[in-house]
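K.L.:
Have a look at this one before I ask anything.
Below, the structure is given as structure tokens:
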């Protein structure tokens, strides 16, 4: 199950590449912490939205708290969550024509999710709000100056009885309260194999489209590996993505570490 922030300074609040393997699978009742460390580097912009010799580096440290309440609604587990991201953006447009670097807390997310479970699949559906908690006073400010509704829906499908092979897709639809900002659809996907050693490996990717008049899109593919230490209730995942096709957007690489801790 997924969440977070935006690795493109022109994107919505949620940035793709945050979740990969088993991204639509929620845990059992309890309190969980997920910490995300992400770096996005791009030295080219595909399209007319920025001049040549434009580049951006984004570093993210996001704190996500998830409470699987134990309550049940419509046959699903009820989940509450919040995300507090810290972001540093280093922006260089047109070989120094615009040069700015900012570090701050990005807008905060609060939401809820319903999670269904089955022998052969898991599914999630949720809704939440990114709240305008930070001013957007300079080109590299992490704030967006608008609130944004985020709708979530996705599923994991297990291809074997042992559930050691799975395919997953998680979609985000983002609706800003500013008519000058385009809505976005983001789909993150993964194909996972759980090895006998307990290590998870797989192929991951994402696809992003603007859907309300804009023509920005991005498509990426990458790899991910992870391991969960049951004795200390802690998991660690590492992933790499490459933007292989973009339009009116930066094109670069994403590196991500995800720490999961049962509290």
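Numbering (full-length UniProt numbering), first residue to last: 1 to 263. Heads up, the beta-carbon is just placed ideally off N, CA and C, and yes, glycines get one too.
Could you tell me the distance, in whole angstroms, from the CA atom of residue 230 to the CA atom of residue 161?
P.N.:
22 Å
K.L.:
Quick one: grab the DSSP three-state call for residue 181.
P.N.:
The three-state reading of DSSP puts residue 181 in coil, since its state is none of H, G, I, E or B.
K.L.:
Is the beta carbon of residue 80 closer than 8 Å to that of residue 123?
P.N.:
no
K.L.:
Using a threshold of 8 Å, state whether the C-beta atoms of residue 92 and residue 54 are closer than that.
P.N.:
Residue 92 places its beta carbon less than 8 Å from that of residue 54.
K.L.:
Touch check for the segment 218-237 and the segment 194-210: three-plus C-beta pairs under 8 Å?
P.N.:
With the rule of 3 Cβ pairs closer than 8 Å, the segment 218-237 counts as touching the segment 194-210.
K.L.:
Assuming residue 176 is part of the beta strand (DSSP E), what are its boundary residues?
P.N.:
165-176
K.L.:
Our contact map puts residue 85 next to residue 62 with C-beta atoms below 8 Å; I'd like the distance itself, whole angstroms only.
P.N.:
About 4 Å; that satisfies the 8 Å criterion.
K.L.:
Rounding to the nearest angstrom, what Cα-Cα distance links residue 166 and residue 98 in this structure?
P.N.:
Their Cα atoms are separated by approximately 45 Å.
K.L.:
In the DSSP assignment, find the unbroken beta strand (DSSP E) run with residue 219 in it and report its ends.
P.N.:
217-229 is the extent of the beta strand (DSSP E) around residue 219.
K.L.:
Residue 56 and residue 100: beta carbons closer than 8 Å?
P.N.:
no
K.L.:
Consult DSSP for residue 14 and reduce its assignment to one of helix, strand or coil.
P.N.:
coil
K.L.:
Would residue 9 be called buried (16 or more neighbouring beta carbons within 10 Å of its own) or exposed?
P.N.:
Reliability fails at residue 9, whose pLDDT of 46 lies under 50, so the model's placement of it is uncertain and no value is given.
K.L.:
Determine whether the beta carbon atoms of residue 226 and residue 241 lie at a separation below 8 Å.
P.N.:
no
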